[in-house]
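**Q** After the structure tokens below, expect a handful of questions from me.
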Amino acid sequence: MYKSLSDDELKKLVGLPLKYKVKGFICMGAWDDEKYFDAIKLILNKIGIKYACRKMDNFLSHVLEICIDGNTYWFAVLYGGTMLSEYLHLACSFGSEKNINIGSCGGLYPEMNSTDLIIPTWSFGRESSAFIYDKENKDFRYYPDDMLSNKLESKIDKKYKIWKGPIVTCHAMLGETFEDVKLWSKEGYYGVEMETSTLFAVSKHFNVPSTAIVYVADNLIKGQIVGDESHEKQKGHREEVKEEIYKAAIQTLLE
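Be aware that the sequence shown starts at 1, since it is given in UniProt numbering, and climbs by one per residue.
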């Protein structure tokens, strides 16, 4: 079936030339493509990287293609693991050497504060977008590449608090209850988000190093949710933290 398609067949399927190559992949767990495309271009300009870019079209319309020093990188804005699994499958098939997930999460660890950062040591997820790429995985734990995680951590300014621990992936945010949050917290998870288990699983399948860094947006274990008063007051700091993880991800990808 589809998994048996060759790299050239996949390129033909999505309308790319046979010589097309991808050097690296960053996923932003979000839904507003243009907002985040503009944000990463702003960071590239701030750190002085010369680049050319274009928004891809048709099936790949959630990808900003970024060309730096003759290499092509994909920056994808995706909400959840379903389309991420397909974009990442394509990127890995086309040669990606590093895959990085950035974005936000709901906080589960009582000692953490909003806008703290988490670099996952592993991610738990039962989603088919992860499991179908790692069918021998009986505990549903998906792991990053430790060396890449350490490199990513080294790019973050020391003024930002970084936690390292497990996170849980859940694709149904509006179905989450406070009982779910308390259970996940009790089980030792630091955060809950939508993309990381898929990124780790697909990357492992293709033997591509991967890592992730997310910031605590809504501190669920402390009763905070998106849009409440305390969350709105932290908007400025969240934007600052997002800039930092963009910068770190770009620098890690380019090394």
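Don't be surprised by glycine CBs; every beta carbon is placed ideally from N, CA and C. It should be emphasised that the depicted structure is a prediction, and the values quoted were computed from it without experimental measurement.
(1) Determine the direct distance from the alpha carbon of Met56 to that of Val208, and round the result to whole angstroms.
(2) By alpha-carbon positions, which one of Lys23, Glu9 and Gly24 ends up nearest to Pro17?
(3) Hey, quick one: how far does the alpha helix (DSSP H) through Phe178 stretch, first residue to last?
(4) With DSSP as the reference, label Phe94 as helix, strand or coil.
(5) Are Leu148 and Lys204 closer than 8 Å when you measure CB to CB?
(6) Which runs of the beta strand (DSSP E) fall wholly inside the stretch 1 to 32 and span at least 3 residues, in chain order?
(7) Between the beta-carbon of Ile167 and the beta-carbon of Leu117, is there less than 8 Å?
(8) Could you say which of Gly125, Leu220, Cys67 and Tyr143 lies nearest to Glu179 if we only look at CA atoms?
(9) Apart from the five residues just before and just after Trp31, which ones in its own chain have a Cβ nearer than 6 Å to its Cβ?
(10) In the DSSP assignment, the beta strand (DSSP E) including Ile68 goes from what residue to what residue?
(11) Just the Cα atoms here: how many angstroms apart are Asn150 and Tyr160?
(12) Closer than 7 Å: is that where the CB of Met1 sits relative to any heavy atom of the ligand ATP?
(13) Restricting to runs no shorter than 3 residues, where is the beta strand (DSSP E) found entirely within the stretch 198 to 238?
(14) Could you have a look at Ile119 and say whether DSSP puts it in helix, strand or coil?
(15) Taking the alpha helix (DSSP H) that Phe131 belongs to, which residues open and close that run?
**A** So, to answer that:
(1) Counting from 1 along the sequence shown, the entry for residue 208 is found at position 208. Counting from 1 along the sequence shown, the entry for residue 56 is found at position 56. A direct Cα-Cα distance of roughly 23 Å separates Val208 from Met56.
(2) By 1-based counting over the sequence shown, the position of residue 17 is 17. If you compare the alpha carbons of Lys23, Glu9 and Gly24 with that of Pro17, the shortest gap goes to Glu9.
(3) Taking the first residue of the sequence shown as position 1, residue 178 is located at position 178. Per DSSP, the unbroken alpha helix (DSSP H) holding Phe178 starts and ends at Phe178 to Lys186.
(4) On the sequence shown, position 94 is the one that residue 94 refers to. Three-state DSSP puts Phe94 in coil, outside helix and strand.
(5) Here residue 148 refers to the residue found at position 148 of the sequence shown. Here residue 204 refers to the residue found at position 204 of the sequence shown. No, Cβ-Cβ distance for Leu148 and Lys204 is not below 8 Å.
(6) Along the length of the stretch 1 to 32, whole beta strand (DSSP E) runs at least 3 residues long occupy 24 to 29, reported in chain order.
(7) Locating residue 167 in the sequence shown gives position 167, counting from the first residue. Locating residue 117 in the sequence shown gives position 117, counting from the first residue. Here Ile167 is not near Leu117, since their CB atoms are 8 Å or more apart.
(8) As a position in the sequence shown, residue 179 is number 179, starting the count at 1. Minimum Cα distance to Glu179 is reached at Leu220.
(9) Taking the sequence shown and counting its residues from 1, one reaches residue 31 at position 31. The answer, listed in chain order, is Tyr79.
(10) Counting from 1 along the sequence shown, the entry for residue 68 is found at position 68. Membership of Ile68 in the beta strand (DSSP E) is indicated by the continuous run Val63 to Ile68.
(11) As a position in the sequence shown, residue 150 is number 150, starting the count at 1. As a position in the sequence shown, residue 160 is number 160, starting the count at 1. Rounded to the nearest angstrom, the gap between the Cα atoms of Asn150 and Tyr160 is 15 Å.
(12) The ligand ATP is absent from the structure shown, which contains no ligand whatsoever.
(13) Counting whole runs of 3 or more residues, the stretch 198 to 238 contains the beta strand (DSSP E) stretches 210 to 218.
(14) Residue 119 sits at position 119 when you count from the first residue of the sequence shown. Ile119: strand per DSSP, three-state reduction.
(15) For the purposes of this step, residue 131 is taken as residue 131 along the sequence shown, with counting starting at 1. In the DSSP annotation of this structure, the continuous segment of the alpha helix (DSSP H) that includes Phe131 starts and ends at Ser128 to Phe131.
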